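Q:
There are 2 protein chains.
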Amino acid sequence: MTTPKFAQIKQFIVDNIRSGAWLENQRVPSENELADQFSVSRMTARRALSELTEAGILTRSQGLGTFVASFKSQSSLLEIKNIADEVKARNGNYSCTVLVLESINALAPIAIALGVEADSVVYRSVLVHNENDQPLQVEERFVNPALADSYLQQDFTHLTPHEYLSSVAPLTEARHTVEAIMPNAEMCQWLNLYHEEPCLQVIRRTWSSTGIVSFARLVSPGSKYRLGGHLTFKK
Amino acid sequence: MTTPKFAQIKQFIVDNIRSGAWLENQRVPSENELADQFSVSRMTARRALSELTEAGILTRSQGLGTFVASFKSQSSLLEIKNIADEVKARNGNYSCTVLVLESINALAPIAIALGVEADSVVYRSVLVHNENDQPLQVEERFVNPALADSYLQQDFTHLTPHEYLSSVAPLTEARHTVEAIMPNAEMCQWLNLYHEEPCLQVIRRTWSSTGIVSFARLVSPGSKYRLGGHLTFKK
DNA sequence: ACAATTATCTTGTATATACAAGATGGCTTG
DNA sequence: CAAGCCATCTTGTATATACAAGATAATTGT
Numbered sequence: 048m049t050t051p052k053f054a055q056i057k058q059f060i061v062d063n064i065r066s067g068a069w070l071e072n073q074r075v076p077s078e079n080e081l082a083d084q085f086s087v088s089r090m091t092a093r094r095a096l097s098e099l100t101e102a103g104i105l106t107r108s109q110g111l112g113t114f115v116a117s118f119k120s121q122s123s124l125l126e127i128k129n130i131a132d133e134v135k136a137r138n139g140n141y142s143c144t145v146l147v148l149e150s151i152n153a154l155a156p157i158a159i160a161l162g163v164e165a166d167s168v169v170y171r172s173v174l175v176h177n178e179n180d181q182p183l184q185v186e187e188r189f190v191n192p193a194l195a196d197s198y199l200q201q202d203f204t205h206l207t208p209h210e211y212l213s214s215v216a217p218l219t220e221a222r223h224t225v226e227a228i229m230p231n232a233e234m235c236q237w238l239n240l241y242h243e244e245p246c247l248q249v250i251r252r253t254w255s256s257t258g259i260v261s262f263a264r265l266v267s268p269g270s271k272y273r274l275g276g277h278l279t280f281k282k
Numbered sequence: 048m049t050t051p052k053f054a055q056i057k058q059f060i061v062d063n064i065r066s067g068a069w070l071e072n073q074r075v076p077s078e079n080e081l082a083d084q085f086s087v088s089r090m091t092a093r094r095a096l097s098e099l100t101e102a103g104i105l106t107r108s109q110g111l112g113t114f115v116a117s118f119k120s121q122s123s124l125l126e127i128k129n130i131a132d133e134v135k136a137r138n139g140n141y142s143c144t145v146l147v148l149e150s151i152n153a154l155a156p157i158a159i160a161l162g163v164e165a166d167s168v169v170y171r172s173v174l175v176h177n178e179n180d181q182p183l184q185v186e187e188r189f190v191n192p193a194l195a196d197s198y199l200q201q202d203f204t205h206l207t208p209h210e211y212l213s214s215v216a217p218l219t220e221a222r223h224t225v226e227a228i229m230p231n232a233e234m235c236q237w238l239n240l241y242h243e244e245p246c247l248q249v250i251r252r253t254w255s256s257t258g259i260v261s262f263a264r265l266v267s268p269g270s271k272y273r274l275g276g277h278l279t280f281k282k
């Protein structure tokens with residue numbers, strides 16, 4: 048008996064749901080019933096139910112019982128991975144080109160996004176992430192100097208901005224939006240696009256405990272890049 | 048003392064991380080230390096650490112200790128919500144128009160995506176989801192008749208296809224991809240677009256225990272629709 | 001000096017027990 | 001008959017205890 052008892056009970060429950068034997072919103076055995084059935088203590092049976100509830104596969108309510116969660120309530124999740132890791136994962140040759148690394152006076156929209164005063168100095172970088180020496184994504188990033196004052200001295204061909212910023216300011220929050228845009232002429236040049244092509248744009252804002260750290264715009268050609276997501280009953 | 052003890056300990060730990068007092072990869076107090084510090088049993092302290100580990104805020108390793116998880120390892124997640132719910136959530140007027148509801152002979156790519164033989168009969172629906180009577184998203188869906196034989200008899204102006212399919216075949220898995228595309232003429236007409244505009248396209252395939260249930264293509268204008276994601280240390 | 005053992009710390013699994021609190025049905029009482 | 005009470009089910013919180021197993025540092029023996 049190498050697999051723990053609580054894991055066996057989890058497996059038993061998941062199998063019943065996967066096979067369709069237990070349908071949505073149907074009641075599952077109570078803690079005491081499972082404890083008897085598997086000859087374990089109530090706390091062990093409880094652990095199986097609790098962890099599956101935390102995973103969103105079951106729902107519980109005190110006094111009533113435990114039920115199979117409705118699939119509808121499962122929100123579908125998409126991962127936004129580090130692009131360097133993604134390229135390496137598919138055995139591509141990853142490289143990075145630094146196009147711009149400067150300090151500028153923030154225009155109003157940038158200043159607002161970074162939570163600093165308009166026209167104050169912020170850092171700006173534009174990098175191109177390449178796979179097999181072909182542009183895959185352009186990263187334009189605005190950084191709050193108060194939280195990362197040596198940003199301009201970094202060598203981003205070896206350390207990504209995100210990695211550097213994480214080490215300088217402990218990140219506490221991030222927000223993303225994904226949209227489809229048409230690249231402007233400058234972006235076309237950066238991405239080496241000869242004809243106009245729709246692009247995926249991810250806007251990422253990262254917070255630290257003391258304020259907004261940076262504001263990044265990640266643009267990739269729709270023909271070369273896509274986001275993947277996966278949702279499954281398992282474990 | 049209304050809030051449970053384990054929740055208080057979780058709060059204490061999260062506060063220390065948010066404030067930057069405990070940095071990435073730094074060791075946090077052990078179960079026994081927390082138990083002494085808060086005058087609780089080891090099992091209660093353990094619960095706080097376990098739940099924060101499950102949430103991805105801490106990492107643990109047997110024999111070594113518990114550590115603040117590195118932000119880098121946190122995968123950023125995007126939610127794909129039900130569009131009807133989203134519209135209603137912002138107090139919009141949601142409506143749905145059924146453009147196509149038919150059975151067709153599947154071309155090769157559709158047949159492969161659905162896991163059926165080429166040229167076999169499958170169901171196809173094209174719906175337009177409207178916000179305040181303006182097209183927001185086109186949903187083109189191909190359905191495996193073996194798993195939902197009364198699909199064509201449904202009234203999708205009141206029940207979404209996803210809701211109907213969930214009730215008929217217990218869903219066990221879903222996969223998504225998001226990309227930026229340029230709509231063709233037919234799609235432009237459906238979306239009421241006068242000039243060409245980049246669109247966000249979500250492809251969703253859903254599995255049941257007995258096979259692939261359906262294959263959906265969700266297309267929204269880039270100017271009207273975006274996906275939002277959010278990642279935070281909390282609870 | 002070096003290798004093997006031991007002690008001691010950590011997390012991981014499991015049990016038995018106790019009481020609190022929500023939900024439900026049946027019973028008692030007015 | 002109906003309102004209130006109570007027994008009994010459920011999950012939720014909390015403790016004390018025991019042993020297993022991984023990791024590390026100290027100790028011991030050669």
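As you go down the protein sequences, you meet chains A and B in turn. Going by the working numbering, the first residue of the first sequence is number 48, and it counts up by one from there. Going by the working numbering, the first residue of the second sequence is number 48, and it counts up by one from there. Cβ atoms here follow ideal geometry from the backbone N, Cα and C, with glycine treated the same way. Small disclaimer: the values here were computed from a predicted structure and weren't measured.
Determine whether the Cβ of I228(B) lies closer than 9 Å to any Cβ atom of chain A.
A: Interface residue, yes.
Q: Where do the N-terminal and C-terminal ends of the alpha helix (DSSP H) with S213(B) fall, by residue?
A: Note, S213(B): alpha helix (DSSP H), 208-215.
Q: Check distances from the C-beta atoms of the region 204-229 of chain A to those of chain B and list, in chain order, the residues that come in under 9 Å.
A: Against chain B - using a Cβ distance shorter than 9 Å - the residues of the region 204-229 of chain A are H209, E210, S213, S214, A216, P217, L218, T219, E220, A221, R222, H223, T224, V225, E226, A227, I228, M229.
Q: Which runs of the alpha helix (DSSP H) spanning at least 4 residues fall entirely within the region 138-212 of chain B, listed in chain order?
A: Counting only runs of 4 or more, we get 155-161.
Q: Quick one: measure Cβ to Cβ for V115(B) and L70(B), integer angstroms, because I've assumed they're closer than 8 Å.
A: Right, their Cβ atoms sit about 7 Å apart.
Q: Quick one: which residues of the region 59-72 of chain A get their C-beta closer than 7 Å to a C-beta of chain B? List them in chain order.
A: Cβ contacts with chain B: R65, S66, G67, L70, E71.
Q: I want to know whether the region 48-55 of chain A touches the region 81-95 of chain A - three or more CB-CB distances under 8 Å.
A: As far as the Cβ criterion goes, the region 48-55 of chain A touches the region 81-95 of chain A, which means the pair count is three or higher.
Q: Name the DSSP bridge partner or partners of G275(A)?
A: Partner(s): T224(B).
Q: Going by DSSP in three states, T106(B) sits in which element: helix, strand or coil?
A: T106(B) falls in the strand class under three-state DSSP.
Q: Just to confirm my understanding: we take T106(A), look at its own chain, exclude 5 residues before and 5 after, and list those with CB closer than 7 Å. What are they?
A: So the list reads T100, F114, A116, once near-sequence residues are dropped.
Q: Can you tell me whether A232(A) is helix, strand or coil according to DSSP?
A: The answer is helix: DSSP assigns A232(A) an H, G or I state.
Q: Quick one: Cα of E186(A) to Cα of V175(A), how far?
A: Cα-Cα distance, rounded: 6 Å.
Q: Determine, using beta carbons only, whether C246(B) comes closer than 9 Å to chain A.
A: It does; some Cβ of chain A falls within 9 Å.
Q: Could one say the Cβ of E98(B) lies closer than 9 Å to chain A's Cβ atoms, at least one of them?
A: It does: the Cβ of E98(B) has a partner Cβ on chain A nearer than 9 Å.
Q: For the beta strand (DSSP E) holding T100(B), just list the boundary residues, first then last.
A: Taken as a continuous stretch (DSSP letters only), T100(B) belongs to no beta strand (DSSP E), being part of the alpha helix (DSSP H) at 89-101.
Q: Please report whether the beta-carbon of I127(B) lies at a distance below 9 Å from any beta-carbon of chain A.
A: Yes, I127(B) lies at the interface with chain A (some Cβ there is under 9 Å from its Cβ).
Q: For a contact meaning CB atoms closer than 7 Å, what does R273(B) contact in chain A?
A: T224, V225, E226, listed in chain order.
Q: Below 7 Å CB to CB, which residues in the same chain sit around S255(B) once its five sequence neighbours on both sides are set aside?
A: These residues qualify, in order along the chain: L194, A216, P217, L218, T219.
Q: In whole angstroms, what is the alpha-carbon distance linking V225(A) and A68(B)?
A: When rounded, the distance between both Cα atoms is 33 Å.
Q: Helix, strand or coil: how does DSSP classify Q73(B) here?
A: Reduced to three states, the DSSP call for Q73(B) is coil.
Q: Could you tell me the distance, in whole angstroms, from the CA atom of G139(B) to the CA atom of L206(B)?
A: Whole-angstrom Cα-Cα distance: 18 Å.
Q: What did DSSP end up calling L265(A) once you bin it into helix, strand or coil?
A: The answer is strand: DSSP assigns L265(A) an E or B state.
Q: Run through chain B and tell me which residues come within less than 7 Å of E101(A), C-beta to C-beta.
A: Within 7 Å Cβ-Cβ: E101.
Q: Distance cutoff 9 Å, beta carbons only. Does T113(A) sit that close to anything in chain B?
A: No, its Cβ sits nowhere closer than 9 Å to a Cβ of chain B.
Q: List, in order along the chain, the chain B residues whose C-beta lies closer than 7 Å to that of S256(A)?
A: Under the 7 Å cutoff, chain B gives R65, S66, G67.
Q: Give me the chain A residues within the contact set of G269(B), using Cβ-Cβ distance strictly less than 7 Å, ordered along the chain.
A: What G269(B) touches in chain A: E226, A227, I228.
Q: Give a yes or no on whether 9 Å exceeds the smallest Cβ distance from G289(B) to chain A.
A: This structure does not reach residue 289(B), given that chain B is present from 48 up to 282, and the question cannot be answered.
Q: Quick check on K282(B) - is its C-beta less than 9 Å from some C-beta in chain A?
A: The predicted position of K282(B) is uncertain, since its pLDDT is 36 and thus under 50; no value can be drawn from it.
Q: Just reading off the alpha helix (DSSP H) that L240(B) is part of, what are its end residues?
A: No alpha helix (DSSP H) holds L240(B); DSSP gives it neither H nor E.
Q: Classify Q184(A): buried if its beta carbon has 16 or more other beta carbons within 10 angstroms, exposed otherwise.
A: By the neighbour-count rule (16 or more Cβ atoms within 10 Å), Q184(A) is buried.
Q: Is the shortest distance between the beta-carbon of S117(A) and the beta-carbons of chain B less than 9 Å?
A: S117(A) counts as touching chain B.
Q: Over what stretch of residues does the beta strand (DSSP E) that includes A113(A) continue unbroken?
A: It should be pointed out that residue 113(A) corresponds to Thr in this sequence rather than to Ala. 112-115 is the span of the beta strand (DSSP E), which, as asked, contains T113(A).
Q: For G110(B), is the classification buried or exposed, using 16 other Cβ atoms within 10 angstroms of its Cβ as the cut-off for buried?
A: Counting Cβ neighbours within 10 Å, G110(B) comes out exposed, since fewer than 16 surround it.
Q: Just to confirm my understanding: we take V168(A), look at its own chain, exclude 5 residues before and 5 after, and list those with CB closer than 8 Å. What are they?
A: So the list reads S150, I151, N152, A153, P192, once near-sequence residues are dropped.
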